[in-house]
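Take the sequence shown: its letter number 74 is residue 74 in UniProt numbering, and every next letter is one higher. Beta carbons: idealized from backbone N, C-alpha and C, even for Gly. Owing to the predicted nature of the structure, the values given are computational and were not obtained by experimental measurement. Inspection log for the structure reproduced underneath, given as structure tokens.
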Amino acid sequence: MDDRHDILCIGSVLWDVIGRTDRAMRVGSDVPGRIARVPGGVAMNIAMALARLGLRPELLTALGRDPAGEELLEAARRRGIGTEHVYLSDDLPTDAYMAVEGANGLIAAIADAHSLEAAGDKILRPLADGRLGNAAAPYRGTVALDGNLTFELLGEIAASPLFAGADLRVAPASPGKAERLLPLLDHPRATLYVNLEEAGLLAHRSFDSSADAARALVAQGAHRVLVTHGGRGCSLACGDLLLTETPPEVLVARVTGAGDTFMAAHIAAEIRGAEPPAALTRALEAAALYVSGDTPL
């Protein structure tokens, strides 16, 4: 068993190409701004945030044996993120993500995570072959899992003895992939991190508040759920417990990766022993700092 890390981050690791402008945009807008290429993907964003918070994350993902993949491996290592168990493919290219953000938020995005999907359960081999665990002695640490994996693989994870002892922290990659998490909705060891739209997709209904959404998902079988709603109230529900808190008000400079930062900060606070109200507060403060642009990438 590998004890050189604090948490496994399983899912997408890719290059984010993000165009940002301080002007409001609509379909067809052509405006000046800045374009950046930075490490991204849900699993990578969570890992980077965890590393900034002083934890030691380890990646389980798929990268191509290409220059883009080699650059990502080096970028992860520089940030204190473990890459020993990354699956490297000779025939699949490294994935990518492209987004445009304006003063009025995310305008559009395309996620190309086809290589991660094609790699399938190959990325989980270290959990089965003894390097990180096996069916007889499953991994018992914290696992951050993202919805860029296929519906079929997430279903296998939900029923797998390899994850029977893990503290699962699960997030969809986007509203478009939220329903991939349905196999994990009633998992007895899973905490779901979703926004209001994603909660509605999982529950097959719409909600007016994060509190209503969190209560509904728990009633539907979720063990524990955190529902964010931008700058409005964020709610945590688990059994009879319901907490709601409003994030600090900040000037929004970026949005891509904010939910991943929130999730990472909440996990880090709980790993260090914070009680539910304090962990929720720390997560909201970290996300606010990130969207304000004051957190380095």
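Output needed for V17: all residues of its chain with C-beta closer than 8 angstroms, excluding positions within five of it in sequence on either side, in chain order.
These residues qualify, in order along the chain: I35, A36, R37, A96, Y97, M98, A99.
So which of S89, S209, A24, L284 has the shortest CA-CA distance to G105?
When each option's Cα is compared against that of G105, the closest is A24.
Helix, strand or coil: how does DSSP classify P175 here?
helix
In the DSSP assignment, the alpha helix (DSSP H) including P277 goes from what residue to what residue?
276–291
Leaving aside the five residues before and after E179 along the sequence, list all residues of the same chain whose C-beta is less than 6 angstroms from its C-beta, in chain order.
L201
Supposed contact pair P93 and D66 - C-beta distance, whole angstroms, cut 8 angstroms
6 angstroms
For G231 and L192, I'd like the C-alpha separation in whole angstroms.
Answer to the nearest angstrom: the Cα atoms are 19 angstroms apart.
Counting Cβ pairs closer than 8 angstroms, one from the stretch 270–282 and one from the stretch 225–242, do we hit at least three?
yes
Burial state of A258 (16 or more Cβ within 10 Å)
The residue in question, A258, is buried, as its Cβ has 16 or more Cβ neighbours within 10 Å.
Would you report the Cα separation of M48 and A216, rounded to the nearest angstrom?
Each residue's alpha carbon lies about 32 angstroms from the other.
Output yes or no for whether 9 angstroms exceeds the beta carbon distance between V225 and S292.
no
Judging by CA-CA distance, which residue of R189, A111, L8, A269 is the nearest neighbour of P126?
Residue L8 is the option with its Cα nearest to P126.
R26, buried or exposed, once every other Cβ within 10 Å from all chains shown has been counted against 16:
exposed
Compute the beta-carbon to beta-carbon distance between A111 and S174, rounded to the nearest angstrom, for a pair I have assumed lies under 8 angstroms.
7 angstroms
Thinking E198 and P172 are a contact (beta carbons under 8 angstroms), I'd like their distance in whole angstroms, please.
5 angstroms
Residue range of the beta strand (DSSP E) that includes T21
No beta strand (DSSP E) contains T21, which DSSP labels as neither H nor E.
Using CA coordinates, which residue listed in A166, A286, R79, T244 is at the minimum distance from Y139?
A166
Within its chain, find whatever has a CB closer than 7 angstroms to the CB of residue 298; leave out the 5 residues flanking it on each side and keep chain order.
Nothing in the structure corresponds to residue 298, since the chain is present only between 1 and 297.
Which partner residues does V170 have in the DSSP bridge list?
L145, L192
In DSSP terms, what V38 is bridged to
D16
What residue range does the beta strand (DSSP E) around V250 cover?
No beta strand (DSSP E) contains V250, which DSSP labels as neither H nor E.
Terminal residues of the continuous alpha helix (DSSP H) containing V218?
210–219
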